[in-house]
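Student:
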Amino acid sequence: MADLKDFAEQLVNLTVKEVNELADILKEEYGIEPAAAAVAVAAGGGADAGGADEQTEFDVILKGAGASKLAVVKLVKELTGAGLKDAKELVDNAPSPIKEGIAKDEAEALKAQLEEAGAEVELK
């Protein structure tokens, strides 16, 4: 049981980049769609906690780039896997969704990273 707790601790402390790499591994090597897995995990966690009305999917909305637009464009490019032109368009056309229908932990991690880069972000 202690091993499972250690494993859970490791999962909780993953960076967004590590979560994206894990999602790629799950998809490519095991055929598991990461979005479906995240929803299943979130739904399972909500059922155990008795929070049937709790929101399990979140959208990360970029409201503005702030003072350091270039840093935000680079981060959006990295987080979304989009090309530089597409990432710039997302930032220029704010408010715009960066990622939709993701788990709360991932959404909060993305929000923290974007805010650290100087962006204005909202979770819906």
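If you count the sequence shown from 1, position 110 lands on 103 in our numbering, and the numbers rise without skipping. All C-beta atoms in this analysis are idealised placements derived from N, C-alpha and C, irrespective of residue type, glycine included.
Can you name, in chain order, every residue of its own chain whose Cβ lies under 7 Å from the Cβ of L66, other than the five neighbours on each side?
Tutor: By 1-based counting over the sequence shown, the position of residue 66 is 73. The question names Leu, but residue 66 is Val in the sequence shown. The answer, listed in chain order, is A80, K81 and V84.
Student: Classify A55 as buried or exposed, calling it buried when 16 or more other Cβ atoms lie within 10 Å of its own Cβ.
Tutor: For the purposes of this step, residue 55 is identified with residue 62 of the sequence shown, where counting begins at 1. Note on residue identity: the sequence assigns Leu, not Ala, to residue 55. Buried.
Student: Can you tell me which residues form a DSSP beta bridge with S89?
Tutor: Position 96 of the sequence shown, counting from 1, holds the residue named residue 89. Beta-bridge pairing links S89 to L55.
Student: So which of K20, A105, L68 and K97 has the shortest CA-CA distance to K117?
Tutor: To locate residue 117, count along the sequence shown from 1; it is residue 124. Ranking the options by Cα distance to K117, first place goes to K97.
Student: Can you list, in chain order, the residues of its chain with a C-beta nearer than 6 Å to that of S89? Leave out the 5 residues immediately preceding and following it.
Tutor: Position 96 of the sequence shown, counted from the start, is the residue given in the question as residue 89. Result list for S89: L55 and L83, in chain order.
Student: Between K20 and E14, is the Cβ-Cβ spacing less than 8 Å?
Tutor: Here residue 20 is taken as the residue at index 27 of the sequence shown, counted from 1. Here residue 14 is taken as the residue at index 21 of the sequence shown, counted from 1. For K20 and E14, no; Cβs fall outside 8 Å.
Student: Relative to the C-alpha of K62, which residue among E11, E109, Q48 and T73 is closest?
Tutor: Start at 1 with the first residue of the sequence shown, and residue 62 comes out as number 69. Measuring from the Cα of K62, the nearest candidate turns out to be E109.
Student: Take A64 and list the residues in its own chain whose beta-carbon comes closer than 7 Å to its own, dropping the five residues that flank it on each side.
Tutor: The residue labelled residue 64 in the question sits at position 71 within the sequence shown. Correct list, in chain order: A110 and G111.
Student: Expressed to the nearest angstrom, what Euclidean distance is found between the alpha-carbon atoms of K70 and E11?
Tutor: Your numbering for residue 70 matches position 77 in the sequence shown. Your numbering for residue 11 matches position 18 in the sequence shown. If I take the Cα positions, the gap works out to 16 Å.
Student: What span of residues does the beta strand (DSSP E) with L116 cover, start to end?
Tutor: Within the sequence shown, residue 116 is the residue found at index 123, counting from 1. Looking at the DSSP string, the run of the beta strand (DSSP E) that includes L116 is E113 to L116.
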